[in-house]
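J.: So the sequence shown is numbered by my numbering: it starts at 1217 and just counts up by one.
Ideal Cβ positions, reconstructed from N, Cα and C, are used throughout, including at glycine.
So that we are looking at the same thing, I have put the structure below in structure tokens.
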Amino acid sequence: MGFSSTLWAWYGQNEYKQVLTACEVIEALGFLAQPSDIQQATIPDCPACEVWSEMILPIEKVLSICGSGLPEDVKSRLEDIWQRCNSLTQAALHCHDRLIFEHEEWMPIRTRATELLALMESTEIHPFLGDLLLDCKKLLSE
């Protein structure tokens, strides 16, 4: 069963927290897969703080919330990216440095994020991503 089938199964079982965190990690991986110049242009304030809180922490969150329900190949690759992000040096994750994404340590993260997006079937999920995010947030707040 592919990841998109897992996601839709969660949605059908009213597992909205899992769906929400999975969708958030797809958005985060989309950012992490982008070229450094696009990453630099996307982050409005401190790149290190923004990327950590908005793009890296969702990886930890999905592993925590969905870990046992994730397909093993997806889970192991998420764990790999999480480990690589936690291993970034001060030079690669320096506050207020707009050029951090040009550091060589980001390249393997970009590569793995791209591979993981394909493995998670993000192109099949992407047309529904916005609606899934809104629906799940709404349903979880009720």
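1) Do L1390 and L1236 have their CB atoms nearer than 8 Å?
2) Is L1245 a contact residue of the ligand MG, with contact defined as CB to any heavy atom under 7 Å?
3) Please go through the region 1316-1356 and give each complete beta strand (DSSP E) segment of 3 or more residues, from N-terminal end onward.
4) Measure the alpha-carbon distance for S1338 versus F1247 and round it to whole angstroms.
5) Could you pull out every residue in the same chain whose Cβ sits closer than 6 Å to the Cβ of H1356, ignoring the five residues on either side in sequence?
6) Would you list, in sequence order, the uninterrupted alpha helix (DSSP H) runs of no fewer than 4 residues that lie entirely inside the region 1219-1264?
7) Nearest by alpha-carbon distance to A1264: which of W1298, A1238, I1254 and L1315 is it?
T.: According to the data block:
1) Summary: the structure shown does not reach residue 1390, with the chain confined to residues 1217 through 1358, and so no result is reported for it.
2) By its list of ligands, the structure shown contains no ligand whatsoever, and the ligand MG lies outside what it can speak to.
3) Taking only runs of at least 3 residues, no beta strand (DSSP E) segment lies wholly in the region 1316-1356.
4) As a position in the sequence shown, residue 1338 is number 122, starting the count at 1. As a position in the sequence shown, residue 1247 is number 31, starting the count at 1. Looking at the backbone, the Cα of S1338 and that of F1247 are separated by about 13 Å.
5) For the purposes of this step, residue 1356 is identified with residue 140 of the sequence shown, where counting begins at 1. For the sequence presented, residue 1356 should be read as Leu rather than His. Apart from sequence neighbours up to five positions away, the residues of its chain that approach L1356 with a beta-carbon distance below 6 Å are Y1232, ordered along the chain.
6) Fully enclosed alpha helix (DSSP H) runs of 4 or longer: 1219-1228, 1232-1248 and 1252-1258.
7) Indexing the sequence shown from 1 puts residue 1264 at position 48. The candidate whose alpha carbon is nearest that of A1264 is L1315.
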